[in-house]
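Below is one structure, written out as structure tokens; the observations come after it.
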Amino acid sequence: MLKEMICLEETQSTNLYCRQNFNTLQDGAVVYTTNQTNGIGRFKKQWVNAAGAALYFSTVIKHKIACPSALPLAVCLAIEDALERMYGISGQIKWPNDILLSARKLAGVLCEAVEGGFIIGAGINLSQKEDFFEKNKLPYATSMFIETGEKPRDVRALAMAISESIAAVLACLEKNGFAPLRGEYRVRCINLLNTVRCNDVQGIAKDIDLDGRLVVKTQSGEIVTITEDVSVEVIYGEF
Ligand code: BTN
């Protein structure tokens with residue numbers, strides 16, 4: 101069946117649009133725009149709009165999924181897969197859900213649980229130049245243009261590729277949980293073996309567990325697991 105793909109010239113937030121229209125959207129429907137006037141990031145932070153220069157993507161999941169705690173991590177892998185298939189680039193991940201190129205943030209993922217399913221959102225920086233990030237005080241952000249010299253033009257094709265890759269990781273989660281995706285996530289994850297700080301906890305990130313949590317060994321030798329609803333700082337910089 102053909103996937104429902106809704107392209108909006110402008111919207112407040114593609115995640116909000118999906119929430120408001122959840123009942124009428126199909127399972128797997130994709131909503132995207134390049135102009136999002138009130139985008140929301142994790143911890144309800146504003147997600148800065150780069151009109152015409154970024155892809156703002158959301159998709160609607162209208163069923164239960166296996167291992168929901170690992171959903172944002174699996175979605176990061178899906179986006180990495182789509183970027184690799186579309187542009188041949190291979191990025192890294194800052195746990196749990198930041199996609200990096202050259203240690204700068206290219207994309208962010210926001211998964212929201214709603215009654216009857218989930219809304220998966222992603223913002224991907226495409227053709228911003230350095231001055232955009234300087235002006236918006238985002239020194240750790242980057243775009244495809246900055247990293248590759250190319251401005252991706254076909255946002256619909258990218259949205260479609262991301263949607264296909266998300267369908268593939270969801271099928272994998274459904275069948276076998278996070279286990280088969282975990283190895284790839286570990287390889288891409290920049291936190292592992294680095295010092296991280298989260299609230300009062302500081303230590304070395306040792307692993308990602310089967311629920312997608314970050315396993316940290318503190319300075320006193322205690323092992324703690326951190327869930328994705330808290331902010332983790334990598335000591336060499338904040339994103
Ligand atoms: C983060 O904080 O890193 C996650 C950012 C997620 C932003 C995307 S843009 C498309 C979708 N709509 C929103 O309002 N937020 C997400």
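Residue numbers (my numbering): 101 to 339.
Cβ coordinates follow ideal geometry from the N, Cα and C atoms, glycine included.
As the structure is a computational prediction, the values presented were derived from the model and not from experiment.
Of the residues the options, the one placed nearest residue i, counting alpha carbons only
| i | options | result |
| --- | --- | --- |
| Ser227 | Phe122, Leu238, Ser243 and Thr111 | Ser243 |
| Ile308 | Glu110, Arg119, Val269 and Thr327 | Thr327 |
| Gly277 | Glu104, Leu310 and Glu250 | Leu310 |
| Leu206 | Lys144, Asn115 and Ala222 | Ala222 |
| Met210 | Lys229, Phe143, Met260 and Arg185 | In the sequence as displayed, the identity of residue 210 is Leu instead of Met. Nearest option by C-alpha distance: Phe143. |
| Val301 | Gly312, Leu281, Arg282 and Ile323 | Ile323 |
| Lys229 | Ala153, Lys103, Thr318 and Gly141 | Ala153 |
| Lys194 | Thr295, Leu102 and Thr318 | Thr295 |
| Gly312 | Ser113, Ala174 and Ala150 | Ala174 |
Cβ-heavy atom distance, residue i to the ligand BTN, below 7 Å
| i | result |
| --- | --- |
| Asn115 | yes |
| Gln136 | yes |
| Arg142 | yes |
| Val315 | no |
| Phe157 | yes |
| Val287 | no |
| Val130 | no |
| Leu292 | no |
| Lys275 | no |
| Trp195 | no |
| Lys237 | no |
Within 8 Å, strictly: CB atoms of residue i and residue j
| i | j | result |
| --- | --- | --- |
| Val315 | Leu238 | no |
| Gln192 | Ile290 | yes |
| Leu108 | Cys118 | no |
| Ile159 | Ile106 | At residue 159 the sequence reads Thr, which differs from the Ile that was named. Their beta carbons are not under 8 Å apart, which means Thr159 does not touch Ile106 by this criterion. |
| Gly217 | Ile140 | no |
| Thr111 | Val255 | no |
| Leu281 | Val269 | yes |
Anticipated Cβ contact below 8 Å, residue i with residue j, distance rounded
| i | j | result |
| --- | --- | --- |
| Ala178 | Ser320 | No, Ala178 and Ser320 are not in contact; Cβ-Cβ is about 37 Å, not under 8 Å. |
Checklist entry - Is there contact between the segment 273-282 and the segment 158-166, where contact requires at least three CB pairs shorter than 8 Å? => result yes
Checklist entry - When the Cβ atoms of the segment 122-140 are set against those of the segment 199-208, are three or more pairs found closer than 8 Å? => result no
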